[in-house]
Each structure stands twice: as C-alpha cells, then as structure tokens.
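Numbering (the numbering used here), first residue to last: 38 to 426.
From the three backbone atoms N, C-alpha and C, an ideal C-beta is built for every residue, glycine too.
Note that the structure is predicted; figures quoted are calculated from it, not measured.
Down below is the structure, laid out as structure tokens.
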C-alpha cells in the first residue's frame, strides 16, 4: 500500500462535508482527526486537529497572528510588544498573591450554594451549579454588585444560544448587551474614581499602560475577556467535571481525601478528555506549510484544542492518567497567549468540586434524564442532570 494512504499527514483530499453544525465537536473531531488532520471547513477556515500542528501554530505567533477580530480584544487579540505590555499589566491581577484574599470568598460562595441544593431529586450541574457559582465567584473577585446575578445568568443563556445559532447579527447583539452590563459597572467608577470602592475593577480603572490610563474601550475589552468568556466556560467546565465524577464513584471517593495538587491534576485531566475550551483563531502572516499542504498568507486558521487534547499520537484518548498526560495537556493553551487566568480557574474549579464532594456522599446521574451534549461551536455538556445522595 502506498505510504500516502497510510500517513494521515500526507492525505491531500478533503472530506466532502466538514460542517460541524449541530454536532458534538468532541465526537466529530475524533472521527476526523485520524484521516484529516488538516481540513478546510465550509467557511473557508483551515482547521488544525492534531496536537503537533496546534502546538506549532500556538508557539509561532509571528506567522500565526492573533489579530483576527475587527473588535478590540485585550490581550487575546494582540501580538508582539503590544501583547507583552498589556499582559505585564493584567497578569498582576492573576498571581497567587493577588488572588489569595479571594479564595476564602470563593469557598464561602461554593459552600452556601451546595448547602442549598436538594438531595434525592434532580439538579442540573451546568445551570444550577456551574453557572451560578461562576457568576457569584467572578462578581466577588471583580467587586461587581450581587444584584447583577440574574442579568448575567440570563445573558449566559442568550450567549450560548446565539453562539449555537451561527447567526452573526444575533451574536453581535448579545455581545453589545454584555458591553452594556460592563458599562453599568464602569460608569460610577469613571465618573468619580476617588469615591469608587477599592475593588479589582476600580484598581483596573486606575491602572496604566505605556504611562497612560486605560481607555474605556480598553477597560471594556479586558472586563469582557475576564467575564464574558470565562463565565460560560466555567459553567461548562463544572458540567464536564460533574459528569465525569458521576460516572466514576471510585475517583470521587479518592478525590475527597486527596491533596489540592492531586485534585488540580485530576481536574486538568478530566478537562483534557473533554475540553470545553474548544478553539482559538489565528490568521497567517505569510504562507505556512503544514504536512503536505501549504496554507496561504491571510488565511483564517482554527486551533482545535478539544481535538489536540485527544490526539492518539500523544494520548490514549480515554485513558485517565493525570500525571502521565500533564506535560502535553493543552486545556489552557500554550505559548505567548497561554491563558493568563489558569490559576484563578483552577482554584475556582477545585473549590467548587470539593464543596460538592463534601456535601454529598454520592453524585449520580438522574434516572431517566440523560446528560445532553453541547453542539458546535460550544463544547462540553449543555445539561447534566444529577442526584445528590
């Protein structure tokens, strides 16, 4: 048999239908990756599915630019020196020292939330636990008023629905609605910064980059990045974690007594197996060769983390091996644009998971109510009905 037929990297033809619309992306990319490690989707994007290709693109921020959106995206959509300067400012808010005072607050939020969950009757892990915890924890961190919670929860639902729809106008309206929420938080601080509460949002309003204050547009972009994307992602992460724990009582029992570092490793590995941080976009600044194909300059490229984290060339995709797989795990990305909020997300997820495990001796799937997967371009689960015992 010809080597070209044996080696997926050498396949030149593309599948006829590569639209992921309405599909579970984890299952779909598992089907595509062994035969089509590099594809073009029906939108004309070049899609990277293999671990090696995703890593190569993520590490090569000169040829694979992050400046892909017509909207201001700080720091995600910046390259080079501009990205470095903003990251130097923003990373200070996400260090272990900066976040240490908030960990007891997150713990209290988690404990109060799980103490109010019913036992013996269905609870929905994504909406009833993940989304609520994410909103309350982020508001506590940023100093946002608690009465924003209903508005933020409603927005999260609308955002996921708009994302699923693929309707650009609907998605743009949801984004504008979220900016309105951010502006309501910024307005009193920008009107009278001296009288504003001394919280993270106010500190950000007082901060500078290149020796000048951050503009309203820049503040909006940063806060959108810290909340708009993270709230939905955190809710999805909780859904994935709870679904895995509900299917593995032995692991749940082990994690109840495990040290934090081991719980963190387990969380990372569960999210590797079912990565709800689906993808990031890049645009090529020059022609780039991937395997046997050349991607032209100016091409839109998608790095599919969900697929790369299950690549058979690197992992046994269904093998739960936290220590063995840690070095190659791409849940939080890699390279200059690696997620700056990794420590914050890890702490919040660990705290939420520990609170849930402490509150229930058993976490099981609700009888007769199957978990429902999300569909492209969202990852993880849409609903995970469970019963606490």
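Checklist entry - Between the beta-carbon of residue 389 and the beta-carbon of residue 275, is there less than 7 Å? => result Yes, Cβ-Cβ distance for residue 389 and residue 275 is below 7 Å.
Item to check | Where residue 99 falls: helix, strand or coil (DSSP) | outcome: The answer is coil: DSSP assigns residue 99 none of H, G, I, E or B.
Checklist entry - The beta strand (DSSP E) spanning residue 105 covers which residue range? => result Segment: none, residue 105 is in no beta strand (DSSP E) and carries neither H nor E.
Item to check | Cβ shell of residue 115 (< 8 Å), same chain only, five flanking positions each side left out | outcome: 103, 104 and 123, listed in sequence order.
Checklist entry - Counting along the chain, where does the beta strand (DSSP E) carrying residue 316 start and finish? => result Here the beta strand (DSSP E) through residue 316 covers 316-321.
Next on the checklist: Along the chain, where does the alpha helix (DSSP H) containing residue 225 start, and where does it finish?
Outcome noted: Per DSSP, the continuous alpha helix (DSSP H) segment holding residue 225 begins and ends at 205-228.
Checklist entry - Can the beta-carbon of residue 131 be found closer than 7 Å to that of residue 378? => result With contacts defined by Cβ atoms closer than 7 Å, residue 131 and residue 378 form a contacting pair.
Item to check | Within 7 Å, strictly: CB atoms of residue 344 and residue 86 | outcome: Yes; because the gap between Cβ atoms is below 7 Å, this pair is in contact.
Checklist entry - Taking the alpha-carbon positions, what's the residue 406 to residue 425 distance? => result Roughly 14 Å separates the two Cα atoms.
Item to check | Paired residues, beta bridge with residue 418 - DSSP | outcome: Partner(s): 410.
Checklist entry - Just reading off the alpha helix (DSSP H) that residue 173 is part of, what are its end residues? => result Residue 173 -> alpha helix (DSSP H) spans 169-179.
Item to check | Pick from 62, 67 and 75 that is closest to residue 328, judged by C-alpha positions | outcome: Closest by alpha carbon: 75.
Checklist entry - Anyone know if the C-beta pair for residue 60 and residue 412 falls short of 7 Å? => result Yes; because the gap between Cβ atoms is below 7 Å, this pair is in contact.
Checklist entry - For residue 365, which residues from the same chain have a beta carbon less than 8 Å from its beta carbon, with the 5 sequence-adjacent residues on both sides left out? => result Excluding positions up to five away in sequence, the list reads 88, 351 and 352.
Checklist entry - Who pairs with residue 339 in a beta bridge, going by DSSP? => result DSSP lists 84 and 318 as partners of residue 339.
Next on the checklist: I need the boundaries of the beta strand (DSSP E) containing residue 143, first residue and last residue.
Outcome noted: No beta strand (DSSP E) holds residue 143; the alpha helix (DSSP H) holding it covers 140-152.
Checklist entry - Within this structure, are the beta carbons of residue 336 and residue 181 separated by less than 7 Å? => result If you check the CB distance, residue 336 and residue 181 do not come in under 7 Å.
Checklist entry - What's the call for residue 134, buried or exposed, on a 16-neighbour Cβ count within 10 Å? => result That one is exposed.
Checklist entry - What is the DSSP secondary structure of residue 350, reduced to helix, strand or coil? => result In this structure, residue 350 counts as coil in the three-state DSSP scheme.
Next on the checklist: Measuring straight from C-alpha to C-alpha, what distance separates residue 64 and residue 416?
Outcome noted: C-alpha separation (whole angstroms): 10 Å.
Checklist entry - Between the beta-carbon of residue 269 and the beta-carbon of residue 193, is there less than 7 Å? => result Contact flag set, yes.
Checklist entry - Under the criterion of a Cβ to heavy atom distance below 6 Å, does residue 139 qualify as lining the ligand ZN? => result Ligands are entirely absent from the displayed structure, and the ligand ZN is therefore not among its contents.
Item to check | residue 357 in three-state terms, based on DSSP | outcome: Reduced to three states, the DSSP call for residue 357 is coil.
Item to check | Boundaries (first-last residue) of the alpha helix (DSSP H) holding residue 63 | outcome: In the DSSP annotation of this structure, the continuous segment of the alpha helix (DSSP H) that includes residue 63 starts and ends at 62-69.
Item to check | Extent of the continuous alpha helix (DSSP H) to which residue 400 belongs | outcome: Here residue 400 belongs to no alpha helix (DSSP H); instead the beta strand (DSSP E) covers 400-402.
Item to check | residue 157 versus residue 395: straight-line alpha-carbon distance, rounded | outcome: So the alpha carbons of these two residues sit roughly 16 Å apart.
Item to check | CA nearest to the CA of residue 253, picked from 420, 220, 93 and 399 | outcome: It is 220 whose Cα lies nearest to the Cα of residue 253.
Checklist entry - Are the beta-carbon atoms belonging to residue 312 and residue 368 less than 7 Å from one another? => result Yes, these two residues count as a Cβ contact at 7 Å.
Next on the checklist: Taking the alpha-carbon of residue 340 as reference, which of 78, 403 and 72 has the nearest alpha-carbon?
Outcome noted: Closest by alpha carbon: 78.
Next on the checklist: Which of the three DSSP states is assigned to residue 373 in this structure?
Outcome noted: Note: residue 373 maps to coil in three-state DSSP.
Checklist entry - What separation, rounded to the nearest whole angstrom, lies between the Cα atoms of residue 422 and residue 400? => result The alpha-carbon separation between residue 422 and residue 400 amounts to approximately 10 Å.
Item to check | 7 Å Cβ cutoff met for residue 167 and residue 272 | outcome: The Cβ atoms of residue 167 and residue 272 lie closer than 7 Å to each other.
Item to check | Backbone CA spacing between residue 361 and residue 346 [nearest angstrom] | outcome: Residue 361 and residue 346 have their C-alpha atoms roughly 13 Å apart.
Next on the checklist: Looking at the secondary structure, which residues open and close the beta strand (DSSP E) in which residue 332 lies?
Outcome noted: First-last of the beta strand (DSSP E) with residue 332: 330-332.
Checklist entry - Which term fits residue 197, buried or exposed, when burial requires 16 or more other beta carbons within 10 angstroms of its beta carbon? => result By the Cβ-count criterion, residue 197 is buried, with 16 or more other Cβ atoms from all chains shown falling within 10 Å of its own Cβ.
Checklist entry - Going by the beta-carbon positions, is the gap between residue 242 and residue 226 smaller than 7 Å? => result For residue 242 and residue 226, yes; Cβs fall inside 7 Å.
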